[in-house]
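Numbering (the working numbering), first residue to last: 2 to 141.
As structure tokens, the structure follows; a few thoughts come after it.
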């Protein structure tokens, strides 16, 4: 493939060791082949979603909401919260894991997340809003 031929021409490119490892490469096909430019970088193409005040503020509000839920018999238990921020900046598809958590605890954690109603600045790719996924862990 032409794209890989171009990568091999890069001055700082070095062949990896013969040890297999997982790797992630951001590859946007539209930017290669006829559109390929020297010194190409993906920086600036994608902007992460932002909660007003940052992730620290989101976590603080979540912890306050969790405290107000009076969750009992879950001290020290870690819950994993998965959610998406859609193109409008609204939380959706909230999932609480692990599955072994009591349904009552899951519903209270989900309610605590849902009580945070401020809209996010959605993630964008080339200035177009897109849906993004997040995972947070909290210890109850």
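Quick reminder that beta carbons are idealized off the backbone N, C-alpha and C, glycines included.
The structure displayed is predicted, hence computed values, not measured ones.
Using only alpha-carbon positions, find the residue among 141, 122, 126 that is nearest to residue 54.
Position 53 of the chain shown, counted from the first residue, corresponds to residue 54. When only C-alpha atoms are compared, the closest one is 122.
Ends of the alpha helix (DSSP H) at residue 105?
Here residue 105 is taken as the residue at index 104 of the chain shown, counted from 1. First-last of the alpha helix (DSSP H) with residue 105: 104 to 115.
CB contact flag (residue 86, residue 133, <8 Å):
Stepping through the chain shown from its first residue, residue 86 is reached at position 85. Stepping through the chain shown from its first residue, residue 133 is reached at position 132. In contact: residue 86 and residue 133 (Cβ atoms closer than 8 Å).
Just to check my reading of the structure: residue 111 and residue 95 have Cβ atoms closer than 8 Å, yes? What is that Cβ distance to the nearest angstrom?
The residue labelled residue 111 in the question sits at position 110 within the chain shown. The residue labelled residue 95 in the question sits at position 94 within the chain shown. Confirmed, Cβ separation roughly 5 Å.
Using the DSSP secondary-structure output, state which residues sit across from residue 143 in a beta bridge.
Not covered by the structure: residue 143. The range shown for the chain is 2 to 141.
Residues bridged to residue 137 (per DSSP):
Reading the chain shown from its first residue, position 136 is the one you call residue 137. DSSP lists 82 as partners of residue 137.
Write down the C-beta distance between residue 50 and residue 141 rounded to the nearest angstrom, noting that I regard them as a contact closer than 8 Å.
In the chain shown, residue 50 corresponds to position 49, counting from 1. In the chain shown, residue 141 corresponds to position 140, counting from 1. At roughly 25 Å, the Cβ-Cβ gap does not stay under 8 Å, so residue 50 and residue 141 are not in contact.
Where does residue 95 sit, in a helix, a strand or coil, going by DSSP?
Within the chain shown, numbered from 1, the residue matching residue 95 stands at position 94. Strand, per DSSP.
With residue 66 as the anchor, note down where its alpha helix (DSSP H) starts and where it stops.
What you label residue 66 is simply residue 65 of the chain shown in a count that begins at 1. Unbroken alpha helix (DSSP H) run through residue 66: 56 to 69.
Any Cβ of chain D within less than 8 Å of the Cβ of residue 67?
Protein chains in the displayed structure number just one, and chain D is not present.
Considering Cα atoms alone, identify which of 15, 101, 48 is closest to residue 75.
Translated into the one-based positions of the chain shown, residue 75 becomes position 74. Comparing Cα-Cα distances from residue 75 to each of 15, 101, 48, the minimum goes to 101.
Let me confirm a value: residue 1 is counted as buried when at least 16 other C-beta atoms fall within 10 Å, else exposed. Which label applies?
As displayed, the chain neither begins before 2 nor continues past 141, which places residue 1 out of reach and without an answer.
Exposed or buried, residue 11, counting other C-beta atoms within 10 Å across all chains shown (16 or more means buried)?
Residue 11 sits at position 10 when you count from the first residue of the chain shown. Label assigned to residue 11: exposed.
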